[in-house]
Amino acid sequence: MILIRKLLFPFAILYGFVTAIRNFLYDKAVLKSFSFDVPVIAVGNLSVGGTGKTPQIEYLIRMLQENYQVATLSRGYKRKSKGFLLANSKSTVSDLGDESFQYHTKFHNLQVAVDADRVNGISQLLHQTIPPQVILLDDAFQHRRVKAGFYVLLTAFDDLYIDDFMLPTGNLREYQSGAKRASVVIVTKCPIDLSEKQRLEIEKKLQVKSYQKLFFSSISYDEFVYSETTKKAIKEIKESEKLLVSGIAKPKPFYDFVQKDSDEKLTFNDHHDFTESDIDSIRNKSKGKIIVTTEKDYMRLKGKLKPEKLFYLPIKSTFIQNELEFINTIKNYVEQSTRNR
Numbered sequence: 045m046i047l048i049r050k051l052l053f054p055f056a057i058l059y060g061f062v063t064a065i066r067n068f069l070y071d072k073a074v075l076k077s078f079s080f081d082v083p084v085i086a087v088g089n090l091s092v093g094g095t096g097k098t099p100q101i102e103y104l105i106r107m108l109q110e111n112y113q114v115a116t117l118s119r120g121y122k123r124k125s126k127g128f129l130l131a132n133s134k135s136t137v138s139d140l141g142d143e144s145f146q147y148h149t150k151f152h153n154l155q156v157a158v159d160a161d162r163v164n165g166i167s168q169l170l171h172q173t174i175p176p177q178v179i180l181l182d183d184a185f186q187h188r189r190v191k192a193g194f195y196v197l198l199t200a201f202d203d204l205y206i207d208d209f210m211l212p213t214g215n216l217r218e219y220q221s222g223a224k225r226a227s228v229v230i231v232t233k234c235p236i237d238l239s240e241k242q243r244l245e246i247e248k249k250l251q252v253k254s255y256q257k258l259f260f261s262s263i264s265y266d267e268f269v270y271s272e273t274t275k276k277a278i279k280e281i282k283e284s285e286k287l288l289v290s291g292i293a294k295p296k297p298f299y300d301f302v303q304k305d306s307d308e309k310l311t312f313n314d315h316h317d318f319t320e321s322d323i324d325s326i327r328n329k330s331k332g333k334i335i336v337t338t339e340k341d342y343m344r345l346k347g348k349l350k351p352e353k354l355f356y357l358p359i360k361s362t363f364i365q366n367e368l369e370f371i372n373t374i375k376n377y378v379e380q381s382t383r384n385r
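Below you can see the structure in the form of C-alpha cells.
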C-alpha cells in the first residue's frame with residue numbers, strides 16, 4: 045500500500061495544484077463565498093478521517109445548547125436520501141448518515157440537517173419556523189462556498205497535518221497552507237499525560253498564526269458501555285469474553301481500551317454500510333458472546349443484532365488544559381456575532 049501511494053506521487057502533485065488554484069480563486073473572490081446573518085462555526089480538518097470531528101461537534105453542542113437554539117449541518121456521508129433533509133422522529137440512519145443520526149439520537153433539542161450544498165442547507169434552516177441561533181458545520185473546512193464566521197481546525201496528535209502530504213500519496217485534502225483559515229487549531233487524541241516538552245515541540249512545528257489559538261485535547265471513554273436497555277461497567281466488560289466490531293478510521297485506541305487478549309475483532313472501513321453478509325459474519329464470530337462496538341457503528345448496527353447482545357462505548361473530547369479559554373473564545377464569537385446581526 046505504501047509503495048502504491050508513492051507511485052501515485054504525480055497525481056498528488058496534480059491534486060494539490062487543483063486545490064491550490066481553487067483556494068486562490070476563493071481567496072481573491074473570483075469564486076463567490078456566501079456569509080450568513082447567524083453565527084456559523086465550521087469544524088473540520090486538512091486530512092481525511094480520524095481526527096475526532098464527531099466528539100468535538102458534540103462538545104460544542106453541549107456547550108451552546110443551554111443558551112442557544114443550535115443546529116448541525118453536514119452532507120450526511122453515505123446517506124441514502126438526497127438534497128436537504130431536517131431530521132424528525134421518523135428519520136433513520138439511512139436518511140441522515142451515521143454521524144448526523146448520532147447527534148439526532150443524543151440531543152433532542154438539536155436541529156440536525158443534512159445537505160451536500162451547505163449554502164442551501166443553511167438557507168433552509170434559517171427559513172424554519174424556529175430558525176437556529178447557531179449553526180455548526182460538520183466536516184466543512186474545505187467547503188469554501190460558505191464563509192463561516194469561525195473555523196475550528198482539528199489535527200491528530202499522532203498524524204499532524206504538518207507531517208503529511210497531499211492525496212493520494214498522503215492524506216491531505218489541501219496543502220498545509222490551508223490552516224491559515226483556522227480561528228483555532230486543536231491537536232486532538234493527545235495522551236492524557238501529554239508533557240510540556242511534547243506540547244512545545246508541537247507548537248514549534250505547527251507555528252500557528254498570531255491571530256490563531258492552539259489547544260490540546262484527548263479522547264476520554266465512558267465508564268460504561270450501553271445497550272438499548274441496560275449498561276455494563278467497563279471493568280466488567282474488559283474481563284468478559286466478547287467480540288469487538290469497528291468501522292471507524294482509526295480503531296486501535298478503541299480496541300486497546302476494551303479488549304482482553306482472547307477477544308476477537310472484526311474491523312471494517314470507516315463509515316462501513318453493514319450488509320446482511322456482514323451481520324451474519326458478526327453473529328457467527330460472536331458465538332453468543334456480547335458484541336461491543338463504537339457509538340458511531342452502533343447507529344448502523346442497531347436493529348440488526350439482538351439488542352441485549354449489542355453494546356456501544358461513548359467517547360468525549362476532553363481538553364488537557366486551557367479549556368475555559370476555549371469556551372470563552374467560542375462564546376465570545378457567538379455573542380459578538382449575535383449582537384452584530
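First residue of the sequence shown: 45, per the working numbering; consecutive thereafter.
C-beta atoms are modelled at their ideal positions from N, C-alpha and C, and glycine is treated no differently.
- Between the alpha carbons of aspartate 322 and isoleucine 48 lies a distance of about 28 angstroms.
- With a 10 Å radius around the Cβ and a threshold of 16 neighbouring Cβ atoms, histidine 187 comes out buried.
- Within the region 200-271, complete beta strand (DSSP E) segments of at least 3 residues are found at 228-232, 257-265 and 268-270, given in chain order.
- The alpha carbon of glycine 60 has as its nearest neighbour, out of Ser91, Phe80, Val84 and Leu169, the alpha carbon of Ser91.
- Fully enclosed beta strand (DSSP E) runs of no fewer than 3 residues occupy 286-290 and 308-311 of the region 280-311, in order along the chain.
- Phenylalanine 312 is positioned such that its CB atom lies no closer than 7 angstroms to that of glycine 332.
- Between the alpha carbons of arginine 66 and isoleucine 230 lies a distance of about 25 angstroms.
- For the region 96-176, the full-length beta strand (DSSP E) segments reaching 3 residues or more read 114-118 and 155-158 along the chain.
- With the rule of 3 Cβ pairs closer than 8 angstroms, the region 73-87 does not count as touching the region 337-344.
- Within the model, the alpha-carbon separation for phenylalanine 355 versus isoleucine 46 is close to 35 angstroms.
- Distance between tyrosine 265 and lysine 72, taken at the CA atoms: about 44 angstroms.
- In this structure, the CA atom of lysine 350 is about 19 angstroms from the CA atom of phenylalanine 268.
- Under the DSSP assignment, serine 77 falls outside any alpha helix (DSSP H); it carries neither an H nor an E label.
- Per the Cβ contact rule, the region 88-108 is in contact with the region 214-226 (3 or more Cβ pairs under 8 angstroms).
- A direct Cα-to-Cα measurement between tyrosine 255 and tyrosine 195 gives close to 12 angstroms.
- Annotation: cysteine 234 to isoleucine 364 spans about 8 angstroms, alpha carbon to alpha carbon.
- Listed in chain order, the non-local C-beta contacts of alanine 64 below 7 angstroms within the same chain comprise Tyr219, local neighbours out to five positions each way being set aside.
- Isoleucine 263 sits close to isoleucine 359, with the two beta carbons spaced by under 7 angstroms.
- Counting along the chain, phenylalanine 370 sits inside the alpha helix (DSSP H) bounded by residues 367-383.
- DSSP, reduced to helix, strand and coil, places alanine 56 within a helical segment of the structure shown.
- Per DSSP, the continuous alpha helix (DSSP H) segment holding isoleucine 326 begins and ends at 320-330.
- Shown here for aspartate 142: same chain residues with a beta carbon closer than 7 angstroms to its own, the five before and five after excluded, namely His315, Lys340, Met343 and Arg344 in chain order.
- Membership of lysine 275 in the beta strand (DSSP E) is indicated by the continuous run 275-277.
- The beta carbon of alanine 160 is closer than 6 angstroms to those of Arg119 in its chain, skipping five residues each way along the sequence.
- A straight line joining the alpha-carbon of isoleucine 371 with that of leucine 108 spans about 9 angstroms.
- In this structure, the straight-line span from the alpha carbon of asparagine 153 to that of isoleucine 57 is close to 45 angstroms.
- When the Cα atoms are used, leucine 52 and leucine 180 turn out to be separated by approximately 35 angstroms.
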